[in-house]
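Numbered per UniProt numbering, the sequence shown spans residues 1 to 169.
Take a look at the structure below.
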Amino acid sequence: MLCMTSDPEEKRKIIGDVFVRISDEIISDLNLNADEVFLGQGTLRPDLIESASKSVSSKADTIKTHHNDSELIRKLRDEGRVVEPLKDFHKDEVRCIGRDLGLPPEIVMRHPFPGPGLAIRVLCAEEPYMERDFSETQVLVKIIVEFDQMLQKKHALLNRVEAVTSDDE
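Below, the structure is given as structure tokens:
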């Protein structure tokens with residue numbers, strides 16, 4: 001269960017596998033023949049390298065898993081049911097392809113956003129806080145809050161600088 005998982009690697013696997021399971025349910029609900037349905041993904045070569053996919057190396061170690069290269073995705077890939085037109089390219093090469101296709105710069109230069117969104121970054125734990133880290137966390141939160149409050153106030157020194165400068169300065 002994702003909400004009880006704190007390990008990002010496990011979260012990626014869960015998200016990737018849940019995606020495939022939901023896709024299978026929808027395929028079934030629509031009475032489609034699963035063998036005739038393909039999964040299209042924007043997988044790039046670094047995704048496959050980092051997740052030690054056998055399609056790029058038989059000897060690589062996993063750097064980090066990817067939601068688009070989970071065990072269920074690999075099974076679909078082995079069945080020939082995954083279409084990944086960008087899998088042999090790196091991000092800079094994909095951007096060149098986009099420019100060559102005439103895509104607008106706001107699409108070509110857009111910062112990539114992973115399929116799982118921010119779910120992997122959300123901290124999850126069984127306890128609301130970890131006892132051993134709580135006092136240090138409290139201090140950090142207090143510093144952040146005080147800094148934010150300080151930014152909200154007009155400061156005496158800033159008032160003096162504003163008083164001796166003209167609108168043009």
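For each residue, glycine too, the CB sits at the ideal point set by N, CA and C.
It should be emphasised that the depicted structure is a prediction, and the values quoted were computed from it without experimental measurement.
- It is roughly 15 Å from the alpha-carbon of T43 to the alpha-carbon of I15.
- Contact annotation, V82 with Q41: C-beta distance approximately 6 Å; criterion of less than 8 Å satisfied.
- In the DSSP annotation of this structure, P104 is not part of any alpha helix (DSSP H), being labelled neither H nor E.
- In this structure, the straight-line span from the alpha carbon of T62 to that of R74 is close to 14 Å.
- In the three-state DSSP reduction, L86 falls in the coil class, being neither helix nor strand.
- A Cβ-Cβ contact shorter than 8 Å links R12 with H67.
- Rounded to whole angstroms, the Cβ separation of L48 and V56 is 5 Å, and the two are in contact under 8 Å.
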